[in-house]
Amino acid sequence: MEAVKFLNLLKKHKFTLIAVPVLVMAIAFVLTRKLPNVYESKGSLSAGLVEGSQTMMLDNSLLQDTKVSQQFANLIQIMQMKRVYEQVSYQLIIHDLTNKVPFKKTSKLFDELNPDARQHAYEVFSERYRTRAPLSLWNQDEKGLNQVLKSMGYDYDALAKKMRIYRIENTDFINVEFESDSPKLSAFVVNTLCYEFITYYTSLTKDNQFKAIQFLDTMLQQKKDTLNDQMGGLKDFKIKNKVLNLGEYAKTLYTQIADLEGRIQQVKKEIEANEGALTNINKKFNTNGRQFTDTAQMIMNKNITYYKEQITSLYNDYIKNKFDTTYKIKIDSVKKLLEKEVNRADDRTPLNPMEAKQNLLNQKMNLEINRDLARSSVKSLQDEYNNLNKRLNSLVPYEAVIQSYEGNINVASQEYIEILKKYNQTNLAYNSSVQLKQIEMAMPNPPLPSKKMLLVAISGVGSFVFCILILFVLFYIDDSIQYAGELANKTNFTVLGLLPFIRNTALLNLNKLWEYDNADTENRDFKNYLRSLRFETADMMQGAHTLVVTSLNNNEGKSFVAMSLANAFIMVNKRVLLIDGNFNNPAITAMTGADEYLEDYFTDKLYQPHRNYDNDVTVLGNRGLDISLFEIAAEDVILSKINELKRSFDIIIIESSGLNTLNQSKEWINMADKVVAVFECNKSISAAEKPYLAYLKTLGDKFVGWVLNKADNNTGQSKTKKKWFEKKR
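The sequence shown begins at 397 in my numbering and counts up one residue at a time.
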């Protein structure tokens, strides 16, 4: 429904939709006809950021995509700087000042320059070009020269507007494109911009690199001096304290101490074992045996004591000399001599009748010798152990100082190496050739395909779309009712039918409308709509006689609908009485020339309206006084009078005033059997009219439905077979 409604709106304004685009296209054609041709030139730069051959020497790491994109963005931004464009502007204006054939048609302000002014302008622009300085707008002279520059279209805004600078995706190339009305101008601007950008970027890069080299050189010398100071301090400390390699020396002491601890524990175990064995042997000797033992010991004590002292002395030397194997061999030799002496002593000892005691004696002597040797070695080992601990403890202060020196040296060395690496890289980059270069020169090219017709077509299409958009906005905000379906949906009442808008005033003569020789199409359509309305109304009347025709407001066509409906019922041989009950606007009385008035009938001044037997409608008018129905006569009197009329007429159609007149229309509605309301097409239901709809709902079945008046012929659903529209259930 909404789509059809919108299409009908477009159809209604079809001439506007055609005329506006045509007019706009004509204006666009006139405006674009004299546009000059456009010439485009293109140049290309190689940035050297992703070429492996250029970046391999400077950085072996792979550049990340984000870093490369950022670098390209920086390059393009530098290229679009006003300082770079100013150099191009100076070149352009200098060319036009010094050449007879300028790049483009000179401006009026440029032509006003006399030879002296041109020479002065040339000198100022040349000086600004050499120094890469902008014109000072505080200086009135340079401000005037800047106006000349703008008048020629050589200023920054004019050049940047027609310049396109972009990177070809995922490549190392930057394209530079410029459009103008001169092929030479386009090529010159592109090549000059590339040259000035490379020159500026190279100068800027070299200056930054040189400053970085100077800074890094100073830092490098400072770090080198710091490193030398720390290394010299460590060297002096080691010489002063006679420390060669403290770490290895401490490691050796730890090893020796651990070895001594093991030996001491082993010797102590031997002493305990010997003491235990001697205790057991002594318990086995009695007094006689002990005397025998003492006699034998007196014989061998002298030599054995000597050898024991020798072994003790050699063992001390063995420990002091870091367990030298030479001393070990000497100890083993003396031990053998001691064993021989002990064996000879045994041989010289008088035999005891008791052989077992002799064996015990030999064991005791050997255990005592081993015990004594072990005791001597424990003392020597303990002295050496204490000595090593003292030497190790003496290294602790040295270790703290040396570690401090070594830590400082390590930090200074790392800083020195990092700065040296950066220094070498920066120095190499400074001495390398510039990576940025122009690989494609811009050339004068033929003109671009004309966009004039495209602009004309775009203007036509744009204006057409704009018109449709405007109509759609109007359609969207339009809340008016144009279709019977809309009226039924918004009010929830049945629409009995519609009457089209009358463009042919001849239709106002309802008597001629029903003539058989009236074959006009509009007349025929109107009669068909009226016949359908008559049928639906009769069907809804269900034997009732009185029908009030009202509306929400005045001037919605109640009088015409009531007269048309009355004539339609006459055509089906009904006795019809048409009462003009609209005291505010007695249009029916005026159009029919009625001479019988309802005021006379209800006050018994008129017996009954004179019935017309010539197949015509009987009309009962009113005098148009400021009065209401119940002010004429009492309600029961009026009801009685209307009942008398029902016996004389088949149907009584009463036009009342609109519901906005409050009681005037409601008084007629109370007297009637059925009510039909007229709604004018293309009107909306306002908030003030919604209470009237609520009143109609209170009437129940008494209100039979709507008549949509002044509708278009294409208001849809005119071919429905039964009722026009039923209210929503």
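Glycine is no exception: its CB is placed at the ideal position from the N, C-alpha and C atoms.
- DSSP places Trp534 in the coil class of the three-state scheme, outside both helix and strand.
- With a contact defined as Cβ atoms closer than 8 Å, Asn1078 and Gln938 miss out at about 32 Å.
- Out of Lys478, Asn1056, Gly1096, the CA that lies nearest to the CA of Ser1082 is found in Asn1056.
- Within the same chain, Cβ atoms closer than 7 Å to the Cβ of Leu581 are found at Phe499, Lys500, the five residues on either side in sequence being excluded.
- Counted as a single uninterrupted DSSP element, the alpha helix (DSSP H) harbouring Asp492 occupies residues 478-494.
- Around the Cβ of Glu952, a 10 Å sphere holds 16 or more other Cβ atoms; the residue is buried.
- Contact between the segment 844-852 and the segment 662-669 is absent: fewer than 3 CB-CB pairs across the two stretches fall below 8 Å.
- For the 8 Å CB-CB criterion, Leu545 and Ile609 do not form a contact.
- For Arg560, the closest alpha carbon among the candidates Ser800, Leu1035, Ser437, Asp779 is that of Ser437.
- Boundaries of the beta strand (DSSP E) harbouring Val1074: 1070-1076, taken from the DSSP string.
- Pairing Phe569 with Leu441 gives a Cβ-Cβ distance under 8 Å.
- Annotated as proximal: Leu784 and Leu656, with beta-carbon spacing under 8 Å.
- Beta-bridge partners of Phe569 (DSSP): Ser442.
- For the set Met959, Asn924, Ala422, the Cα lying nearest the Cα of Thr985 is the one of Met959.
- A contact is defined here as three or more CB-CB pairs under 8 Å, and the segment 532-540 fails this definition with respect to the segment 417-437.
- Segment contact: the segment 961-979 against the segment 1021-1030, three or more CB-CB distances shorter than 8 Å; contact assigned.
- With contacts defined by Cβ atoms closer than 8 Å, Leu948 and Val1103 do not form a contacting pair.
- DSSP places Asp553 within a helical segment (H, G or I) once states are collapsed to three.
- When Cβ pairs closer than 8 Å are counted between the two stretches, the segment 585-598 is seen to touch the segment 478-496, the count reaching three or more.
- From the listed residues Ile707, Ser1080, Gln626, Glu668, the smallest Cα separation to Glu802 is found for Gln626.
- For Gly856, there is no enclosing beta strand (DSSP E); the residue is found in the alpha helix (DSSP H) stretching over 848-873.
- For Leu974, the uninterrupted beta strand (DSSP E) run begins and ends at 972-976, by DSSP.
- Under DSSP, Leu943 shares a beta bridge with Ile1049, Lys1070.
- The Cβ atoms of Val1072 and Thr890 do not sit closer than 8 Å to each other.
- Here Gln467 carries a helix assignment [DSSP, helix/strand/coil].
- The three-state secondary structure of Arg560, taken from DSSP, is strand.
- Excluding five sequence positions before and after Leu892, the CB atoms of its chain that fall closer than 8 Å to its own CB belong to Leu929, Glu932, Thr933, Met936, Val1072, Val1100, Gly1101, Trp1102, Val1103, Lys1119, Trp1120, given in chain order.
- If you look at Pro1087, you'll find it in the alpha helix (DSSP H) that goes 1086-1094.
- Fewer than three beta-carbon pairs drawn from the segment 804-822 and the segment 397-416 are found closer than 8 Å, and the two stretches are therefore not classed as touching.
- For the options Arg563, Asn587, Ser800, the alpha carbon positioned closest to that of Gln834 is the one of Asn587.
- Separation of the CB atoms of Leu505 and Val520 is rounded to 16 Å, and the pair is thereby denied contact status at 8 Å.
- In the displayed model, Val957 falls within a helix according to three-state DSSP.
- Shown here, Gly1020 sits in coil according to DSSP, grouped into three states, outside any helix or strand.
- Under the three-state reduction of DSSP output, Pro417 falls in the helix class.
- Spanning the alpha carbons of Asp507 and Met548 requires a straight line of approximately 11 Å.
- Between the beta-carbon of Ser855 and that of Ala424 there is about 4 Å, and that keeps the pair under the 8 Å contact cut.
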